[in-house]
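J.: In UniProt numbering, the protein residues as written are 1 to 138.
Cβ coordinates follow ideal geometry from the N, Cα and C atoms, glycine included.
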Amino acid sequence: MNTNSTINDLQIISLPRIEDRRGNLSVIEKDIIPFEFKRVYYLYDVPGGAERGGHAHKNLQQFLIALSGSFEVVLHDGKDEKTVTLNIPNKGLLLPKGIWRELKNFSSGAVCLVIASEVYLEDDYIRDFDEFVKFKMV
Ligand code: TYD
């Protein structure tokens, strides 16, 4: 299992943006993100001040997009921390496995789309930060 991902492995990926007077269109298709996706979910109706995330994944990779509004993603690799703001519907954050994430400061009406490389599996989560730091030291 590869546990040595760091915040330097995070990538912002731009999606194609097809501009039109009637509104813009962006597309996520295979080859744009470097994994085959098995699941899509989204966070919405996030109350002011709420925080999501607060975990890492042992194996799952994700691609996060602010479809609407904005939010911050605080990322930790066991040593270093970095905060990324997502607020552009055609730019997403590629999150490798083994990165702790917290999502906060959601704007009113923000929608976070998550494209995931695996089906939902609770066993893939590390929900305790100290356990995560130990996992990264293995
Ligand atoms: P979680 O992944 O902890 O949410 P977030 O990281 O966005 O704060 O999931 C919250 C709850 O939803 C948890 O009880 C598991 C459940 N859940 C599913 O049943 N299926 C899914 O695909 C996801 C992502 C979560």
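#1: Rounded to whole angstroms, what's the CA-CA distance from Leu15 to Cys112? Just pull it up for me.
#2: Can you tell me which residues form a DSSP beta bridge with Tyr125?
#3: Beta strand (DSSP E) containing Gly92: first to last residue?
#4: Assuming Thr73 contacts Glu81 under a Cβ cut-off of 8 Å, what Cβ separation, rounded to an integer in Å, is found between them?
#5: For Lys38, which of Phe63, Lys104, Arg127, Met137 has the nearest alpha-carbon?
#6: In angstroms, rounded to a whole number, what distance separates the CA positions of Leu60 and Arg127?
#7: Determine the DSSP secondary structure at Lys136, reduced to helix, strand or coil.
#8: So, are the CB atoms of Phe71 and Lys104 less than 8 Å apart?
#9: Below 8 Å CB to CB, which residues in the same chain sit around Ser26 once its five sequence neighbours on both sides are set aside?
#10: Can you list, in chain order, the residues of its chain with a C-beta nearer than 8 Å to that of Ser108? Leave out the 5 residues immediately preceding and following it.
#11: Taking only the alpha-carbon atoms, compute the straight-line gap between Ile13 and Ile32 and give it to the nearest angstrom.
#12: Using 7 Å as the cut-off, classify the Cβ of Gly49 as near or not near the heavy atoms of the ligand TYD, replying yes or no.
T.: So, from the listed chains and residues:
#1: Here residue 15 refers to the residue found at position 15 of the sequence shown. Here residue 112 refers to the residue found at position 112 of the sequence shown. Whole-angstrom Cα-Cα distance: 15 Å.
#2: To locate residue 125, count along the sequence shown from 1; it is residue 125. Answer is His57.
#3: In the sequence shown, residue 92 corresponds to position 92, counting from 1. Run containing Gly92: 91-95, per the beta strand (DSSP E) assignment.
#4: In the sequence shown, the residue the question calls residue 73 occupies position 73. In the sequence shown, the residue the question calls residue 81 occupies position 81. Note that residue 73 is Val in the sequence shown, not Thr. By a beta-carbon distance limit of 8 Å, Val73 does not contact Glu81. Their separation comes to about 11 Å.
#5: In the sequence shown, the residue the question calls residue 38 occupies position 38. Comparing Cα positions, the closest option is Phe63.
#6: Within the sequence shown, the letter at position 60 stands for residue 60. Within the sequence shown, the letter at position 127 stands for residue 127. Those two C-alpha atoms are separated by around 14 Å.
#7: Translated into the one-based positions of the sequence shown, residue 136 becomes position 136. In this structure, Lys136 counts as helix in the three-state DSSP scheme.
#8: Looking up residue 71 in the sequence shown gives position 71. Looking up residue 104 in the sequence shown gives position 104. For Phe71 and Lys104, yes; Cβs fall inside 8 Å.
#9: Locating residue 26 in the sequence shown gives position 26, where the first residue counts as 1. Residues of the same chain with a CB within less than 8 Å of the CB of Ser26, apart from the 5 flanking positions on each side, are Leu15, Pro16, Arg17, Ile18, Pro89, Asn90 in chain order.
#10: Start at 1 with the first residue of the sequence shown, and residue 108 comes out as number 108. Closer than 8 Å at Cβ, skipping near neighbours: Gly48, Gly69.
#11: To locate residue 13, count along the sequence shown from 1; it is residue 13. To locate residue 32, count along the sequence shown from 1; it is residue 32. Approximately 8 Å between the Cα atoms of the pair.
#12: For this step, residue 49 is matched to residue 49 along the sequence shown. Not so, every heavy atom of the ligand TYD lies at least 7 Å from the Cβ.
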